[in-house]
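> Under this note's numbering, the first residue of the sequence shown is numbered 2, with each subsequent residue one higher.
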Amino acid sequence: GMKHRGIECRPDIETLSPGFVSVYESLLPSDVEKENQNLLLKSLTVIINKEWPNVKLHLYGSCANSFGFSNSDVDICLSIDECESKHDMLLKLADILQSENYQDVEAITNARVPIVKMTDPSTGICCDICINNLLAVANTKLLRDYAKIDNRLHQLAYIVKHWARSREMNNTFEGTLSSYAYVLLCINFLQLRRPAILPCLQEMELTYMLTVEDTDCAYFDQVDELHNFGSLNDESLAELVWGFFHYWAFAHNYTRDVISVRTGCIISKKIKNWTRRIGNDRHLLCIEDPFETSHDLGRHVDRCSIDMLRSEFKRAASVLQYDQIPFVSLFERE
Ligand code: ATP
Ligand code: MG
């Protein structure tokens with residue numbers, strides 16, 4: 002059975018998996034919803050190509066990385082070669098969308114990633130549109146490809162994302178972590194199980210390659226060949242949820258370690274030069290972006306939010322160890 006720092010996993014852990022699987026299934030978006038998202042993408046393609054014939058539309062974020070809840074926003078990225086200013090293009094796009102009767106259209110041009118927001122009145126789907134954010138398109142594909150290898154990633158990440166959202170630990174403005182960061186934590190956790198449940202795609206033959214500005218995004222994407230990869234490991238969903246939270250509550254070395262999906266390992270802050278605060282990047286909980294490797298996805302975590310996160314990880318670990326119906330209490334707000 003699983004162990005962390007001498008804590009032996011509860012003996013009835015196996016009996017808890019069906020409960021977690023039901024929670025997971027209740028979070029999946031319906032086929033109707035997926036279909037509505039695709040129809041919206043098609044209508045927008047027509048409207049946008051009327052004004053900009055060479056622009057391509059890419060879905061990214063949780064509606065395309067396969068880790069989306071039902072009712073999540075649709076993230077769309079426009080790719081364009083010409084160098085019309087993003088600012089002007091977004092303002093023009095906002096006008097066009099308004100005249101096409103989309104609702105709550107708003108251009109937010111001063112953000113780190115400038116976007117136009119809108120709502121589709123017929124389905125209520127909210128949509129964010131950005132320009133040339135191709136790194137996000139590439140990391141979306143990476144997450145989707147990892148999810149195809151072993152369904153336990155999908156299940157674990159939905160449980161972790163749902164926990165983070167329910168316990169208000171999913172907000173970079175408050176110093177906690179993005180959904181994207183939580184999925185990376187789950188991937189790395191499964192890369193490190195023994196036997197491993199996930200491989201390290203970036204250390205295999207590079208069958209997919211995209212260069213965005215100076216960043217190479219390359220990895221093995223023929224994942225259909227890997228559908229048996231995790232079969233030597235028979236850990237159940239409940240064991241993995243238990244192990245994930247015990248790792249973050251008791252085993253992670255916050256002063257030394259960096260989570261690295263790129264290498265499939267845990268690497269040291271020293272080799273990344275992330276041992277102290279640099280500007281606003283505090284490097285208290287370090288997660289290396291798989292492609293933009295100088296980018297710490299935990300950089301928003303500060304002295305206050307790291308205490309919150311660690312006490313939430315401990316609460317979760319304790320619920321999972323002692324609670325009669327942990328698949329309910331894990332997500333409850335007191
Ligand atoms: P959800 O909307 O369900 O919370 P999401 O995956 O859509 O999850 P967002 O925070 O909306 O999460 O991010 C959308 C996408 O933008 C991510 O899937 C990822 O591709 C990209 N992204 C987000 N944050 C970063 C980041 N710090 N660095 C690089 N890419 C990022
Ligand atoms: Mg999103």
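Glycine is no exception: its CB is placed at the ideal position from the N, C-alpha and C atoms.
Small disclaimer: the values here were computed from a predicted structure and weren't measured.
1. Roughly how many whole angstroms lie between the Cα atoms of serine 80 and leucine 298?
2. Check the DSSP bridge columns for glutamine 325 and list the partner residues they point to.
3. Kindly indicate the opening and closing residues of the beta strand (DSSP E) around serine 269.
4. Taking DSSP as the reference, what is the three-state secondary structure of tyrosine 61?
5. Identify whether cysteine 187 lies in helix, strand or coil by the three-state DSSP scheme.
6. Suppose contacts are defined by Cβ-Cβ distances below 9 Å. Is phenylalanine 190 in contact with phenylalanine 230 by that definition?
7. Mark isoleucine 288 as exposed unless 16 or more other C-beta atoms lie within 10 angstroms of its C-beta, in which case mark it buried.
8. Just the Cα atoms here: how many angstroms apart are phenylalanine 1 and aspartate 308?
9. Does the separation of the CB atoms of aspartate 336 and histidine 296 fall below 9 Å?
10. Considering only heavy atoms of the ligand MG and the C-beta of each residue, which residues fall inside 6 Å, strictly closer?
11. From the DSSP output, in three-state form, read off tyrosine 248 for me.
12. Should tyrosine 181 be counted as a contact of the ligand ATP given a C-beta to heavy atom distance under 8 Å?
13. Which residue comes first and which comes last in the alpha helix (DSSP H) that contains leucine 28?
14. Distance check for alanine 317 and lysine 162, CA to CA, integer angstroms please.
15. By how many angstroms is the C-alpha of tryptophan 164 removed from the C-alpha of leucine 157?
16. Could you check if alanine 148 is buried or exposed, using at least 16 other CB atoms within 10 Å of its CB as the buried criterion?
17. Give, in chain order, every unbroken run of the alpha helix (DSSP H) that is at least 4 residues long and sits entirely within the segment 155-238.
18. Compare the beta carbon distance of cysteine 187 and glycine 265 with 9 Å and say whether it is the shorter of the two.
19. Of all the options Val22, Lys273, Met170, Asn140, which has the alpha carbon lying nearest to the alpha carbon of aspartate 217?
20. Alpha carbon to alpha carbon, how far is histidine 253 from lysine 315? Give it in angstroms, no decimals.
21. Quick one: measure Cβ to Cβ for valine 75 and isoleucine 126, integer angstroms, because I've assumed they're closer than 8 Å.
22. Would you give the residue range spanned by the beta strand (DSSP E) that glutamate 293 belongs to?
23. Tell me whether proline 1 is buried or exposed, calling it buried when 16 or more other Cβ atoms sit within 10 Å of its Cβ.
Walking through what the data contain:
1. About 24 Å.
2. Beta-bridge annotation (DSSP): glutamine 325 is not paired with any residue.
3. Counting along the chain, the beta strand (DSSP E) containing serine 269 begins and ends at 266-269.
4. Tyrosine 61 falls in the strand class under three-state DSSP.
5. Judged by DSSP in its simplified three-state form, cysteine 187 adopts helix.
6. No, they are not a contact pair.
7. By the 10 Å Cβ count, isoleucine 288 comes out buried.
8. Residue 1 falls outside the range modelled here, since the chain spans only 2 to 335, and no answer is possible.
9. There is simply no residue 336 to check, as the chain begins at 2 and stops at 335 in what is shown.
10. Taken from the N-terminal end onward, the list reads Gly62, Ser63, Ser73, Asp74, Asp76.
11. Here tyrosine 248 sits in helix by DSSP.
12. Taking the Cβ of tyrosine 181 as the reference point, at least one heavy atom of the ligand ATP falls within a distance shorter than 8 Å.
13. That run of the alpha helix (DSSP H) goes 18-28.
14. Approximately 13 Å, taken between the alpha carbons.
15. Using only the alpha carbons, I get a separation of about 11 Å.
16. So alanine 148 ends up on the buried side.
17. If we require 4 residues or more, the alpha helix (DSSP H) runs fully inside the segment 155-238 come out as 180-192.
18. The answer is no: Cβ separation not under 9 Å.
19. Closest in C-alpha terms to aspartate 217, from the list Val22, Lys273, Met170, Asn140, comes Asn140.
20. Distance from the CA atom of lysine 315 to the CA atom of histidine 253, rounded to whole angstroms, is 12 Å.
21. 6 Å between Cβ atoms; contact.
22. That residue, glutamate 293, is in no beta strand (DSSP E); it is neither H nor E in DSSP.
23. Shown here, the chain extends from 2 to 335; a query on residue 1 therefore has no answer.
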